[in-house]
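**Student:** The structure that follows is given in the form of structure tokens.
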Amino acid sequence: MKIGVLDIQGSVDEHIISLKKLGVHVVRVKKPEDLEGLKGLIIPGGESTTIGKLLKRFGLGEEIAKKVQDGMAIWGTCAGAILLANQVIGGEVDGLNLIDAKVQRNAYGRQIDSFETKIEFANTKIPAVFIRAPKILNVGDGVEILSKLDGEIVAAKKDKIVISTFHPELTDSTVFHQWFLELCEQ
Ligand code: GLN
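Each residue of the sequence shown is one higher than the one before, starting from 7 at the first, in this note's numbering.
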């Protein structure tokens, strides 16, 4: 199975390392042609404004949306989640509008307010790193909540579109990546 990691900016290498541990074929996605044959794509954390601008400039945004319509799974972590949401508070982001969710950027404060904790996910506890993370304030009909922390949504999905406000790729746990690969195979 071939999985892509959007390689524009952010925690690209960390996602690649997590995926390689699970034995899948990983490709770096820099241009539309790189999307060919992918079962899934990860949009890493980073700076959503920057990634959004470059997605547009490289003509990648539209191509990604088309592939998702054709059944490719997609998972946005942190800035990636901001780019997938259809409503963003706290700045102009050229996003992909792929999931009905309202997210607020930098909602936990500044860089020094970044933290690591454990969250419930898929009936287990996994470590999660939050770095200048957004909050998912609410989600639309049909969007399934996958995890909450202190009553707030930190992961959600609709069909094969997944958002998480934290970074599992910055921890040793591959539980979330494994779960995503299973979604990609469906
Ligand atoms: N604060 C960043 C943004 O708004 C996201 C941070 C991250 O991806 N860790 O784009």
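We put the beta carbon where it would ideally sit given N, CA and C, even for glycine.
Applying the 10 Å Cβ sphere with the 16-neighbour rule, what's the burial state of F172?
**Tutor:** F172 should be labelled buried.
**Student:** Could you tell me the distance, in whole angstroms, from the CA atom of F182 to the CA atom of G77?
**Tutor:** Their Cα atoms are separated by approximately 20 Å.
**Student:** Just to confirm, is the Cβ distance from L25 to V74 under 7 Å?
**Tutor:** Cβ distance not < 7 Å, so L25 and V74 don't count as in contact.
**Student:** Count the other C-beta atoms from every protein chain shown that fall within 10 angstroms of the C-beta of E20, then say buried if there are 16 or more, exposed otherwise.
**Tutor:** By the 10 Å Cβ count, E20 comes out buried.
**Student:** Spatial neighbours of K59 within its chain, please: CB distance less than 8 Å, with the 5 preceding and 5 following residues excluded, ordered by chain position.
**Tutor:** Result list for K59: D100, in chain order.
**Student:** Based on Cα-Cα distance, which residue from I167, P133, G52, D40 lies nearest to A107?
**Tutor:** Considering only alpha carbons, the answer is I167.
**Student:** Less than 7 Å between the C-beta atoms of I125 and A85, yes or no?
**Tutor:** Not a contact, by the Cβ cut-off of 7 Å.
**Student:** Going residue by residue through the region 58–135, where are the continuous alpha helix (DSSP H) segments of at least 4 residues, counting only ones entirely within it?
**Tutor:** Fully enclosed alpha helix (DSSP H) runs of 4 or longer: 66–75, 85–90.
**Student:** Using the three-state DSSP reduction, which class does I23 fall into: helix, strand or coil?
**Tutor:** Correct three-state label for I23: helix.
**Student:** Suppose you measure from the CA of G10 to the CA of F127; what does that come to, to the nearest Å?
**Tutor:** Roughly 23 Å between the two C-alpha positions.
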